[in-house]
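Residue 82 in full-length UniProt numbering sits at position 82 of the sequence shown, with consecutive numbering throughout. Even for Gly, the Cβ is constructed at its ideal location relative to N, Cα and C. Keep in mind that this is a model prediction, so the values were computed, not measured. Just below is one structure, and these are the notes that go with it.
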Amino acid sequence: MKNQCGYNMQKPSLIALLKLMVLMTRKRRMMKKADKKKHTEEATGAANGPRGANGGPTTAAARQGKAGGAQETTEPNNILFIQNLPHETTSMMLEVLFNQYPGFREVRMIEAKPGIAFVEFEDDGQSSVAMQALQGFKITPQNPMAVTYAKK
Numbered sequence: 001m002k003n004q005c006g007y008n009m010q011k012p013s014l015i016a017l018l019k020l021m022v023l024m025t026r027k028r029r030m031m032k033k034a035d036k037k038k039h040t041e042e043a044t045g046a047a048n049g050p051r052g053a054n055g056g057p058t059t060a061a062a063r064q065g066k067a068g069g070a071q072e073t074t075e076p077n078n079i080l081f082i083q084n085l086p087h088e089t090t091s092m093m094l095e096v097l098f099n100q101y102p103g104f105r106e107v108r109m110i111e112a113k114p115g116i117a118f119v120e121f122e123d124d125g126q127s128s129v130a131m132q133a134l135q136g137f138k139i140t141p142q143n144p145m146a147v148t149y150a151k152k
């Protein structure tokens, strides 16, 4: 059976692809719910002011400590660096994931280093949208994707 990209696909891989699409749809719905909940909490929290763990106002130092994550930030790039992929991940699976975002160009997997890939978009803005949407997406329950900008 040939799909619209011209690849020969057997039934098991087609089923896996369809399951992946269902998981992506569920993930998007959950993210929308979480965003909606976050916005309502921010609206009520902003009216009351920031609060610490004990219910009192937070200090600037405490807020900065939480903002500075362990992840290093690189400047925006049209190429995303994907890590923590299961070894079974194929470029076609990643294409299905990232192709839903505008500006998608290609997926490059590194055969010598399984578990990582590069995904290219037309510009920085489009890659940012995909990065935010798919950050932490679990291809398997044990493997949440780590998506960062590739170094220039």
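Query raised in the report: Leaving out five residues before and five after T148 in sequence, what residues of the same chain have Cβ atoms less than 6 Å from its Cβ?
Result: F81
**Report entry** E75 versus Q83 - alpha carbon distance
**Finding:** So the alpha carbons of these two residues sit roughly 18 Å apart.
Query raised in the report: For the putative contact between T24 and L97, defined by C-beta atoms under 8 Å, what is the C-beta separation to the nearest angstrom?
Result: The amino acid occupying residue 24 in the given sequence is Met; Thr does not appear at that position. Indeed they touch by this definition, with Cβ atoms about 6 Å apart.
Report task. Spell out the partners DSSP gives E106 in its beta bridges. Result -> E120
Report task. Have a look at P114 and A43 and give me their C-alpha separation to the nearest angstrom. Result -> 43 Å
Report task. May I ask which residues mark the beginning and end of the alpha helix (DSSP H) holding L94? Result -> 91-98
Report task. Give me the Cα-Cα distance between I139 and M145, rounded to the nearest whole angstrom. Result -> 7 Å
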